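S.K.:
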Amino acid sequence: MPSMKDPTPEAWENVSEHNVQTRARLLPEEQSVEGHPDPAKGELDPKVQAAVILAESEERTIHADPDDAQGAHRQSAETADQP
520 MPSMKDPTPE
530 AWENVSEHNV
540 QTRARLLPEE
550 QSVEGHPDPA
560 KGELDPKVQA
570 AVILAESEER
580 TIHADPDDAQ
590 GAHRQSAETA
600 DQP
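If you want it as structure tokens, here you go:
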């Protein structure tokens, strides 16, 4: 499980306004489950949520955890032997 530390300034610098706009748009499937967020009702602004998600993703890319199996790049010698 990833640590939930705050993204570094370097990660935030890699988050573009275009990416935030694109990520903030809910897919039809998401809208059917979540509806349209209303900040007036205390729900988080989709742009804020998108920016945080993208910054956390950038943080994992910039400062990858070497023990994280999901992000590991394996060498061909490390692949499973074929029968």
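Per this note's numbering, numbering through the sequence shown is continuous, rising by one, with the last residue being 602.
Don't be surprised by glycine CBs; every beta carbon is placed ideally from N, CA and C.
Keep in mind that this is a model prediction, so the values were computed, not measured.
Taking the alpha helix (DSSP H) that S576 falls in, what are its first and last residues?
M.R.: 565-581
S.K.: Reducing DSSP to helix, strand and coil, say where M520 ends up.
M.R.: Residue placement at M520 cannot be trusted, given a pLDDT of 38 that sits under 50; the coordinates are not used to answer.
S.K.: Per DSSP, what kind of secondary structure is H555 in: helix, strand or coil?
M.R.: coil
S.K.: What three-state label does DSSP hand T527 in the structure shown?
M.R.: coil
S.K.: If contact is defined by three or more beta carbon pairs under 8 Å, each pair taking one atom from either stretch, is the region 574-588 in contact with the region 544-561?
M.R.: no
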